[in-house]
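Below: the structure, in structure tokens.
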Amino acid sequence: MNQIRFLVTTLALLWMLVPDDVMAQQNYKSRTEAQFQSWLKAQWPTAQKNGISRQTFDLAFKEVKLNWRLPDLAPPGRKTRDKAKRRQSEFGSPGRYFRQDNINALVQRGRQMKKKWSKTLAKIERRYGVPQNIILAVWGRETSFGAVKIPYDTIRSLATLSFMGRRQSFFYPELIGALQILEQGHISRNRLKSSWAGAMGQTQMLPQKFLQYAVDFDGDGRKNIWTSPPDALATTANFLKQQGWQNRVSWGYEIALTPAVNCTLEGPHRMQPIKNWVNTGLKRTAGRKFSSPLLQGKGSLLLPAGLHGPGFIVTENFYVLKKYNESDLYALFVGHLADRISTNKQFIGKWQKVSTYTRAKIKHLQKTLQREGYNIGKKVDGLIGFRSRVAVGLYQNKYGLEKNCWPGKATLSRASR
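The sequence shown begins at 22 in my numbering and counts up by one.
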């Protein structure tokens, strides 16, 4: 009896030592979890309207709890970090995105996968008109050809983000889409895995895109992009074809950064016949020439690091790749990896060391550029997209700074006056 009293007393004392803020946090999470469970139950009418059976609905949400470790959360009643402090790799220093050790490993593995799946890839290319190397490059970029483990429970992630994410209106349709995938029987509940943001399978596709573009290429009756490479690769090819991929047209060509290159002419809004660019003095690297058919095709200027890195003329197919992922650097990586799998030739131009800044500083610069009448894009976001690069170049030219279309120290210093 004395031992029991001692134990109870000890536990009570230990509980009293728990800081108030820890207890408050635990209580807050418990209340929020209860709200979440009520919210899940309330989604049944919407699910039912979208063809979800009660059995699938109950199975999908059985034992699902909030995932507090996800990025991009906005818990109810809590302050969240300034969006400007968060970083995305796609918008960091451009050169870091193209680490040679990483690319070399992907090239080697990509060639192995090309040999292993040669018949399947050939059939996919014939059916959809998308080059094998492009399909392989997407696969390699997304999951290292299926080697990367996809750890997140799709339903749990999308339910959490739909309930208390920053972009609830974006993620909620994806949650409904994931339920429809289960309803259609393409994958079992315990194998429905994705990235934290709901991108599924070996080539990372969101549920709504899956429902629209997924293909059963291996003929087993299921569209299985998780464990069937034929289905995953054909699904990617189908998506690119439906987005406008042009057969027998490259994604782009590296150019020499001669004085003829005007970095303020960058951007898809300046898409024009390549012969027009050549007439301004623009040249390909290593003495290569644009053939007559290529000269008739259209291209636009792409300078991811301004004049501090490789430059390119990119075609409309480059912007098809951007529909898979909207980052310029993502599309460039895929195009480059596809070329490397074929010829293993690196870029001629080098990624120079450039100044990088917090998104807060870039936001300040963008606001300055806006006040002076320059177009920096849809919004002030702290990201150095092509419109911001062009605006920087025009600003540099106006104030007699070196025009390189990249926000260096001199440019930010001038903008801070």
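Think of the CB as a built atom: it goes at the ideal place given N, C-alpha and C, for glycine as much as any other residue.
These numbers come from a predicted model, not from an experiment.
Can you determine whether any heavy atom of the ligand GDP sits closer than 7 Å to the C-beta of residue i, and answer yes or no?
i: Y340; result: The model on display carries no ligand, and the ligand GDP is accordingly not part of it.
Mapping the DSSP letters down to three states, classify residue i as helix, strand or coil.
i: M134; result: helix
i: K104; result: For K104, the predicted structure reports a pLDDT of 47, less than 50, and the residue's modelled location is therefore unreliable. The matter cannot be settled from this model.
i: L94; result: strand
i: G198; result: helix
i: D174; result: strand
i: R188; result: coil
i: G406; result: coil
i: G12; result: Outside the shown range of the chain, which is 22 to 438, sits residue 12, and nothing can be said about it.
i: K50; result: helix
i: K140; result: helix
i: R305; result: strand
i: R392; result: helix
i: D237; result: coil
i: V401; result: coil
From residue i to residue j, what distance separates their C-alpha atoms?
i: S348; j: S74; result: 37 Å
i: M44; j: Y118; result: 42 Å
i: R307; j: F57; result: The sequence shown places Ala at residue 307, rather than the Arg named in the question. Distance between the alpha carbons of A307 and F57: 59 Å.
i: Q133; j: S139; result: 10 Å
i: D103; j: I397; result: Summary for D103: the model assigns pLDDT 45, below 50, so the residue's position carries little reliability; its value from the coordinates is reported in the next sentence. Roughly 21 Å separates the two Cα atoms.
i: K137; j: A431; result: 52 Å
i: F311; j: K262; result: 25 Å
i: V85; j: R380; result: 35 Å
i: L91; j: K50; result: 14 Å
i: V151; j: R438; result: 51 Å
i: V355; j: T164; result: 13 Å
i: R392; j: K371; result: 34 Å
i: Y193; j: L415; result: 41 Å
i: N268; j: A436; result: 45 Å
i: L350; j: A255; result: 24 Å
i: F183; j: G198; result: The question names Phe, but residue 183 is Ser in the sequence shown. Cα to Cα, the separation comes out at about 12 Å.
i: L433; j: L386; result: 7 Å
i: L422; j: V401; result: 23 Å
Can you tell me which residues form a DSSP beta bridge with residue i?
i: G327; result: P325
i: S215; result: Y173 and M221
i: M226; result: M221
i: K319; result: P294
State the start and end residues of the unbroken beta strand (DSSP E) segment that holds residue i.
i: Y340; result: No beta strand (DSSP E) contains Y340, which is instead part of the alpha helix (DSSP H) from E337 to K343.
I need the boundaries of the alpha helix (DSSP H) containing residue i, first residue and last residue.
i: Q64; result: Note, Q64: premise wrong, no alpha helix (DSSP H); not H, not E.
i: D8; result: Within the shown structure, residues of the chain are numbered from 22 to 438, placing residue 8 beyond reach of any answer.
i: L433; result: K430 to A436
Ordered list of beta strand (DSSP E) runs contained in the segment 332 to 389, each at least 3 residues: Qualifying beta strand (DSSP E) stretches, in chain order: 332 to 335.
Any beta strand (DSSP E) of 3 or more consecutive residues that is wholly inside the segment 263 to 301: For the segment 263 to 301, whole beta strand (DSSP E) runs of length 3 or above, ordered along the chain, are 273 to 276.
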